[in-house]
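Structure first, then comments.
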Amino acid sequence: MGLDKVVGSAAEAVADVHNGASLAVGGFGLVGIPWFLIEALREQGADDLTVVSNNCGVDGAGLGLLLDDHRISRVIASYIGENKEFGRQYLTGELTLELTPQGTLAERMRAGGSGIGAFYTPTGVGTMVSDGGLPYRYHPDGTIAEASEPKEVREFHGRQMVLEESIVTDVALVRATRIDRAGNAQFNASTRNFNVPAAMAGRITIVEAEEVVEVGEIAAADVHLPGIFVQRIVALTPEQAARKDIEKRTTRGERPTEPTTDTKEA
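Residue 1 is where the sequence shown starts when you use full-length UniProt numbering, and the numbers rise one by one after that.
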């Protein structure tokens, strides 16, 4: 792989994602999600996908687009969130959902990218996370079709901890604020969220970036994701980079006019 990892388009970047592929997808809700890679994948047509992401966007946006098309068969996520279609498909047995504590999910992806097979954590000990019985899939009549198995629990430093396997996926889709042509990436504020661990988890990691710069223009101390984890880069246009929808918009009413005092002399 040369130093210049920029490809011609989002469509080109996802062209080889196959049916049944597993994907790690960055973002949190709609913050920092790879909008255009998801849309390109929707157009590309890959089906029966396993998605690892904090959640699945919202109805009609982000990963919600793939859910709408019934292109996702399994999800590993920390919550269902604002997506009603996600919840409906889970409860009716149309997809399998492995709910995972949020910090554990991030660490499972980070560990996968670091070559760690599994790790112990106190999170989830004494719950269905460790004891088993967490519903993965339902029958249409609401009965449980598949549930989690008990996990190994051991004591370390006087605390009970549960064994969690790391996650490695076929592909990762993420969005960066700045990236150089070798793949060294920066993320702005909360967009850093799940993008870094998702990028680490992918065997092939594709980054859509708001700004692409030359190698050396990003100081080493400012790199959040080293280029070794990135295989393909999609440079967004200024119009695409400006797209940053939000899940809920809350506005404040017009402030009441402050009382004024007439200071003019008589």
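Here a beta-carbon is modelled for each residue, glycine too, at the ideal position from N, C-alpha and C.
Bear in mind that the values here come from a model prediction, so they are computed numbers and not experimental data.
Contact between the stretch 182-199 and the stretch 217-237 is present: three or more C-beta pairs spanning the two stretches fall below 8 Å. Here F194 carries a coil assignment [DSSP, helix/strand/coil]. By the 16-neighbour rule on beta-carbons within 10 angstroms, K5 is buried.
Looking at I33, F194, G216, the one whose alpha-carbon comes closest to that of D180 is G216. In this structure, DSSP gives S22 an extended state, which the three-state scheme calls strand. The C-alpha of S166 is placed about 7 Å away from the C-alpha of F119.
A straight line joining the alpha-carbon of V58 with that of V51 spans about 15 Å. I246 is positioned such that its CB atom lies closer than 8 Å to that of L30.
Secondary structure of L30 (DSSP, three-state): coil. Under the three-state reduction of DSSP, P238 is assigned to helix. Membership of Y90 in the alpha helix (DSSP H) is indicated by the continuous run 84-91.
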